[in-house]
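Residues in the sequence shown are numbered from 2 upward in steps of one, following our numbering.
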Amino acid sequence: MTHDLAGDDAGTNETNGTNAADVAETARTAGRIIDELTRALSSSREVASLAVATFVASGHLLLEDVPGVGKTTLARALARAIGGDIRRIQFTPDMLPGDLTGVNVWSQAEGRFVFHPGPLFANIVIADEINRANPKTQSAMLEAMGEGRISVDGESHALDDPYFVVATQNPIELEGTYPLPEAQLDRFMACTGFGYPDEDAEAAMVSAPDWARPLDRVSTVCDVDTAVRMRGTARRIAVSRPVAAYVVALTRATRHREGVAYGASPRASLALAAMARAAAAIDGRDYVLPDDVQRFAVPVIAHRLVLDDAMRSGESDLETARDVVRDVVADVPVPRA
């Protein structure tokens, strides 16, 4: 791969602000977190890598799969490995927006309203079974995820940095659930499923003496300051003109695909580039390759597609959308030096 795809127009590490030591620290720390998750939870290394890359890319992650495969456990393990303030929210149909954002309460002693922050005020928020909350409550997440702040009674409150939401939802048990609207799905940088573990991994889980407490095996790898530096390093990774054009070509191709009513928005292009930057930093590189883009195209784009009536299966629209993105990746020419 020549310099054309290694940041020629985006700049070298002197002009784009990356530092070799920062990239090395990000790669080392992210690798330890991925190792910790894979070892402790017997989970797929691919899923663990995606979760860590989403965090490093300053995005939010949606985990969707059948019950009992470890979605919530992975979310809690990732939170423990990263450190910082952690809050877990179990979503229910009777939950109100104030249960998430917090409320202003009159203080008799102070003679004024005092803000009591809700569970969204944390470095890492685990939103368990998010699709069980009603649409009004779900919408309370939008400002927090999109802007890193929360407004209550006309007053804006900034959230801490880093801020990372890991949400889970089950594609089955539709009774009592509310599908996430497209606007909220678009706030999640990536969406992935687990699938069932292979036979050896499941046998290892069953035979482990602490099988009921897998989180006891997860150690904290980094602190909040290190996490902030990792994210800053990823944002400064170079994306060359050919690779940027490739990102745009992939997302634009979904807008003209047969069976797709609404394709990926420009926000999807930004999210895919951010994930590719994070992948490069985790691999110890200060430039993005087309391979980084291809690796995360499906989890970044698929959940943002709206299929037309003819394409909808009624059973697994997300999996159909993933097939569409795989076809797009296979069809769009890859830039070559």
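Backbone N, C-alpha and C define an ideal beta-carbon position, used for all residues, glycine too.
Other residues of its chain near residue i: CB distance less than 8 Å, five sequence neighbours each side excluded
| i | result |
| --- | --- |
| VAL229 | ASP162, PRO163 |
| GLN295 | VAL330, VAL335 |
| ARG323 | VAL299, ALA303 |
| ALA78 | GLU37, LEU38, ALA41, LEU42, PRO215, LEU216, VAL219 |
| LEU160 | LEU121, PHE122, ALA145, GLY149, ARG150, ILE151 |
Per-residue burial, residue i [other beta carbons within 10 Å of its own, 16 or more giving buried]
| i | result |
| --- | --- |
| TYR197 | exposed |
| SER208 | exposed |
| THR3 | Here THR3 scores only 41 on pLDDT, less than 50, and its place in the model should not be relied on; the value that follows carries that caveat. Exposed, since its Cβ has fewer than 16 Cβ neighbours within 10 Å. |
| GLN109 | exposed |
| GLU388 | This structure leaves residue 388 out entirely; the chain is present only between 2 and 338. |
| PRO182 | exposed |
| THR16 | Confidence is the limiting factor: at THR16 the pLDDT is only 45, short of 50, which leaves the residue's position unreliable and the question unanswerable from this model. |
| PRO98 | buried |
| ALA204 | exposed |
| ALA311 | exposed |
| ARG286 | buried |
| ALA184 | exposed |
| GLU130 | buried |
| GLY112 | exposed |
| THR292 | Contrary to the premise, residue 292 reads as Asp rather than Thr in this sequence. So ASP292 counts as exposed. |
| ASP187 | buried |
| ASP86 | exposed |
Own chain residues within Cβ distance below 7 Å of residue i, not counting five before or after
| i | result |
| --- | --- |
| ALA250 | VAL333 |
| GLY84 | THR221, CYS223, ASP224, VAL225 |
| ARG133 | PHE92, THR93, PRO94, GLY177, THR178 |
| VAL106 | PHE114, VAL115, HIS117 |
| GLU144 | ARG150, ILE151, SER152 |
| ILE35 | ARG46, ALA49, SER50, VAL53 |
Three-state secondary structure assigned by DSSP to residue i
| i | result |
| --- | --- |
| GLN109 | coil |
| ALA239 | strand |
| THR321 | helix |
| VAL126 | strand |
| ALA22 | helix |
| VAL153 | strand |
| LEU63 | strand |
| LEU306 | coil |
| TYR247 | helix |
| GLY32 | helix |
| PHE189 | coil |
| GLY285 | coil |
| PRO118 | strand |
| THR169 | strand |
| GLY147 | helix |
| ALA41 | helix |
| GLY99 | helix |
| ALA159 | strand |
| ALA331 | helix |
| ALA54 | helix |
| ARG89 | strand |
| VAL219 | coil |
Distance cut-off 7 Å: residue i Cβ against heavy atoms of the ligand MG
| i | result |
| --- | --- |
| TYR197 | This structure lacks the ligand MG, and indeed carries no ligand of any kind. |
Beta-carbon proximity list for residue i, same chain, < 6 Å, skipping 5 on both sides
| i | result |
| --- | --- |
| HIS158 | ILE151 |
| MET96 | ALA134, THR138 |
| LEU64 | LYS72, THR169 |
Nearest residue (CA-CA) to residue i, options the options
| i | options | result |
| --- | --- | --- |
| ARG33 | ARG296, PHE165, SER50 | SER50 |
| PRO118 | GLU26, ARG258, VAL104, GLY155 | VAL104 |
| HIS257 | GLU130, VAL329, VAL167 | VAL329 |
| SER241 | SER270, ALA204, VAL289, THR234 | VAL289 |
| MET231 | ASP66, THR74, ALA280 | ALA280 |
| ASN124 | HIS61, ASN171, ARG29 | HIS61 |
| ARG29 | LEU308, ASP284, ASP309 | ASP284 |
| LEU308 | ARG268, THR27, ASP66, GLU259 | GLU259 |
| GLU200 | SER45, GLU26, ALA31 | SER45 |
| THR27 | THR255, THR227, THR193 | THR227 |
Min CB distance residue i to chain D below 8 Å
| i | result |
| --- | --- |
| ALA274 | Among the chains of the structure shown, chain D does not appear; only one protein chain is present. |
The segment 79–90 in contact with the segment 259–276 per 3-pair CB rule at 8 Å: no
Validate contact between the segment 239–249 and the segment 22–37 using beta carbons, cut 8 Å, 3 pairs: As far as the Cβ criterion goes, the segment 239–249 does not touch the segment 22–37, which means the pair count is below three.
Inter-stretch contact at 8 Å, needing at least 3 Cβ pairs: the segment 50–64 / the segment 272–291: Here the segment 50–64 lies against the segment 272–291, with 3 or more beta-carbon pairs under 8 Å apart.
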